[in-house]
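J.: Right, I'll just put the structure down here and ask away after.
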Amino acid sequence: MDKQKGYSILLSQLIEKSGLSLLEIAERCEKNGQKITSSYLSKLKNGKMPPPSFKVTLTLAKVLEADPIVLLAYGQSDTIEEGIDELKEALLSFKPDYDDNDLFRLAYHICYNPNDIIAADYSGTISFEEFEKLHETIGAAENKVEYISTAEEITSVLKVPVLGFIAAGQPILAEEHIDEWTEVPNMWNLKDGEVFLLKVKGDSMIGSRIYEGDKVLVKIQPEVETGEIAVVNVNGQDATLKRVKKTESGQVILYPDNPKYEPIFIENENARIIGKVIQVMFEPSKNF
471 MDKQKGYSIL LSQLIEKSGL SLLEIAERCE KNGQKITSSY LSKLKNGKMP PPSFKVTLTL
531 AKVLEADPIV LLAYGQSDTI EEGIDELKEA LLSFKPDYDD NDLFRLAYHI CYNPNDIIAA
591 DYSGTISFEE FEKLHETIGA AENKVEYIST AEEITSVLKV PVLGFIAAGQ PILAEEHIDE
651 WTEVPNMWNL KDGEVFLLKV KGDSMIGSRI YEGDKVLVKI QPEVETGEIA VVNVNGQDAT
711 LKRVKKTESG QVILYPDNPK YEPIFIENEN ARIIGKVIQV MFEPSKNF
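Taking my numbering, the leading residue of the sequence shown gets 471, the next gets one more, and so forth.
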């Protein structure tokens with residue numbers, strides 16, 4: 471199956487699952503800073519246009535609440551596909567029992583975040599010589615990857631704090647809660663201090679492909695729309711990561727994306743929305 475057809479089939483499935491019209495999707499994309507017409511969406515959906523740019527695909531994934539990694543994979547160039555395939559082979563040589571989805575997520579992550587793979591991750595599991603061999607293979611694959619076209623290249627970065635937790639009744643970015651600082655590409659034209667990374671704990675959001683050990687990039691804001699994932703302080707307790715729904719009666723419902731957990735029903739005044747999740751950063755497993 472060629473990429474154009476594969477992308478259109480996946481996009482059609484995501485649109486149908488969302489229950490949104492093409493006009494509604496276009497309007498939501500524009501609210502997220504990416505102008506897209508409904509007629510253009512129709513052509514993408516019907517395979518009459520090639521896969522769009524990196525930025526457009528990310529916006530569509532956000533609006534359709536889809537895994538951006540999968541949608542991007544259907545629209546990438548052959549060089550990226552070859553690079554990811556080689557990374558998968560390299561990783562399998564060190565851990566043959568990878569789950570297919572985890573293997574793809576890790577290979578894709580390395581393509582775009584090669585510096586995250588460090589020797590400390592493998593301490594006591596493989597020799598330094600084996601680690602060097604893995605990095606040689608990763609490096610060879612990286613050379614085949616076209617990251618982003620020059621027109622789409624992101625040059626500015628944000629310096630953001632990485633938080634282990636957010637305590638109730640204290641400033642969001644309290645110094646004692648900051649584990650480290652890191653830099654992320656600024657795809658949202660935001661300023662330093664407007665976002666932070668939060669380490670994910672627990673499995674309540676695995677239905678949205680957010681796993682323990684991942685990091686979520688959070689834009690600090692006091693309100694979110696129904697259906698969006700947010701970091702919320704509930705009844706004076708430490709912050710939790712949940713999908714938010716607001717009722718006409720003023721009640722707030724916090725939904726986990728894992729059926730083994732029950733929704734949390736609270737009054738609006740007892741819910742302090744800290745910010746909206748705008749990106750999930752996959753943390754590679756250190757279990758080699």
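Built from N, CA and C at the ideal position, the CB exists for glycine as well. Being a predicted model, the structure only gives us computed values, none of them experimental.
Please go through the same chain and pick out, in chain order, the residues whose beta-carbon is closer than 8 Å to the beta-carbon of K426, but skip the five residues on each side of it.
T.: Any question about residue 426 goes unanswered here, given that the chain covers just 471 to 758.
J.: Sorted by chain position, which residues of the same chain lie with C-beta nearer than 6 Å to I748's C-beta, five sequence neighbours on each side aside?
T.: In the sequence shown, counting from the first residue as 1, residue 748 sits at position 278. These residues qualify, in order along the chain: L687, K689.
J.: Which residues bound the alpha helix (DSSP H) around I680?
T.: The residue given as residue 680 occupies position 210 in the sequence shown. That residue, I680, is in no alpha helix (DSSP H); it is neither H nor E in DSSP.
J.: If you follow the beta strand (DSSP E) that L633 is in, where does it begin and where does it stop?
T.: Here residue 633 corresponds to residue number 163 of the sequence shown, with the count starting at 1. That run of the beta strand (DSSP E) goes 627-633.
J.: In terms of DSSP beta bridges, what is Y725 paired with?
T.: Residue numbering aside, residue 725 sits at position 255 when the sequence shown is read from its first letter. BP columns for Y725 point to R713.
J.: Using only the alpha-carbon positions, how far apart do E739 and L480 sit?
T.: For this step, residue 739 is matched to residue 269 along the sequence shown. For this step, residue 480 is matched to residue 10 along the sequence shown. Those two C-alpha atoms are separated by around 40 Å.
J.: Based on DSSP bridge pairs, tell me the residues matched to P655.
T.: As a working mapping, residue 655 is identified with position 185 in the sequence shown. For P655, which the question treats as bridged, DSSP gives the partners V627.
J.: Taking 8 Å as the cut-off, decide whether the C-beta atoms of I699 and R713 are in contact.
T.: Reading the sequence shown from its first residue, position 229 is the one you call residue 699. Reading the sequence shown from its first residue, position 243 is the one you call residue 713. In contact: I699 and R713 (Cβ atoms closer than 8 Å).
J.: Considering only DSSP beta bridges, list what R742 is partnered with.
T.: Indexing the sequence shown from 1 puts residue 742 at position 272. N703.
J.: Determine the direct distance from the alpha carbon of L530 to that of P521, and round the result to whole angstroms.
T.: In the sequence shown, the residue the question calls residue 521 occupies position 51. In the sequence shown, the residue the question calls residue 530 occupies position 60. About 12 Å.
J.: Whole angstroms are fine: how far does the CA of I744 sit from the CA of G677?
T.: By one-based count along the sequence shown, residue 677 stands at place 207. By one-based count along the sequence shown, residue 744 stands at place 274. Going from the Cα of G677 to the Cα of I744 covers about 22 Å.
J.: By how many angstroms is the C-alpha of E695 removed from the C-alpha of I495?
T.: Against the sequence shown, residue 495 aligns to sequence position 25. Against the sequence shown, residue 695 aligns to sequence position 225. Distance between the alpha carbons of I495 and E695 is about 15 Å.
J.: What did DSSP end up calling I485 once you bin it into helix, strand or coil?
T.: For the purposes of this step, residue 485 is taken as the residue at position 15 of the sequence shown. It is helical.
J.: To which residues of the same chain is Q504 closer than 8 Å at the C-beta, ignoring the five residues directly before and after it?
T.: Here residue 504 is taken as the residue at index 34 of the sequence shown, counted from 1. Correct list, in chain order: K525, V526, T529.
J.: Please report the distance separating the alpha-carbon of V701 from that of I506.
T.: Mapped onto the sequence shown, residue 701 falls at position 231. Mapped onto the sequence shown, residue 506 falls at position 36. Taking C-alpha positions only, V701 is separated from I506 by approximately 29 Å.
J.: For V533, does the three-state DSSP call read helix, strand or coil?
T.: By 1-based counting over the sequence shown, the position of residue 533 is 63. Helix at V533.
J.: Using three-state DSSP, classify E732 as helix, strand or coil.
T.: Mapped onto the sequence shown, residue 732 falls at position 262. Correct three-state label for E732: coil.
J.: Based on the DSSP secondary-structure assignment, which residues constitute the bridge partners of K689?
T.: As a working note, residue 689 is residue 219 in the sequence shown. According to DSSP, which records beta bridges pairwise, K689 is partnered with V665, K746.
J.: Below 8 Å on the Cβ atoms is my contact criterion, and I expect V630 with V665 to pass it. Report the Cβ-Cβ distance as a whole number of Å.
T.: For the purposes of this step, residue 630 is taken as the residue at position 160 of the sequence shown. For the purposes of this step, residue 665 is taken as the residue at position 195 of the sequence shown. With 8 Å as the limit, V630 and V665 qualify as a contact, their Cβ atoms being about 5 Å apart.
J.: With E500 as the anchor, note down where its alpha helix (DSSP H) starts and where it stops.
T.: Reading the sequence shown from its first residue, position 30 is the one you call residue 500. E500 -> alpha helix (DSSP H) spans 492-501.
J.: Work out the CA separation of K475 and A709 for me, nearest whole Å.
T.: Your numbering for residue 709 matches position 239 in the sequence shown. Your numbering for residue 475 matches position 5 in the sequence shown. When rounded, the distance between both Cα atoms is 42 Å.
J.: Kindly indicate which three-state DSSP category E698 falls into: helix, strand or coil?
T.: Along the sequence shown, read from residue 1 onward, the residue named residue 698 stands at position 228. E698 falls in the coil class under three-state DSSP.
J.: Counting only the same chain and skipping the five closest in sequence on each side, list residues whose C-beta sits under 7 Å from that of S512.
T.: Here residue 512 corresponds to residue number 42 of the sequence shown, with the count starting at 1. Excluding sequence neighbours, S512 sits near L492.
J.: Answer with buried or exposed for P692, where buried requires no fewer than 16 other C-beta atoms within 10 angstroms of its C-beta.
T.: Your numbering for residue 692 matches position 222 in the sequence shown. Its Cβ having fewer than 16 others within 10 Å, P692 is exposed.
J.: With distances taken from CA atoms, which of R742, K515, L724, E732 is nearest N705?
T.: Here the question's residue 705 lines up with position 235 in the sequence shown. Selected option, being the one with the closest Cα: R742.
J.: Ignore the nearest five residues each way along the sequence and tell me which others in E682's own chain have a CB closer than 7 Å to its CB.
T.: Taking the sequence shown and counting its residues from 1, one reaches residue 682 at position 212. Closer than 7 Å at Cβ, skipping near neighbours: V670, K671, G672, D673.
J.: With DSSP collapsed to three states, give me the class of Q479.
T.: Start at 1 with the first residue of the sequence shown, and residue 479 comes out as number 9. A small fix is needed here, since residue 479 is Ile in this sequence, not Gln. Assigned with DSSP and collapsed to three states, I479 falls in helix.
J.: Short of 7 Å in beta carbon distance, which residues of its chain neighbour V654, apart from the five on each side in sequence? Order them along the chain.
T.: Residue numbering aside, residue 654 sits at position 184 when the sequence shown is read from its first letter. Excluding sequence neighbours, V654 sits near V627, L628, V630, L687.
J.: Please tell me whether A536 and L484 are closer than 8 Å, where the distance is taken between their beta carbons.
T.: Sequence index remark: in the sequence shown, residue 536 carries index 66 (1-based). Sequence index remark: in the sequence shown, residue 484 carries index 14 (1-based). Result yes, Cβ atoms of A536 and L484 sit closer than 8 Å.
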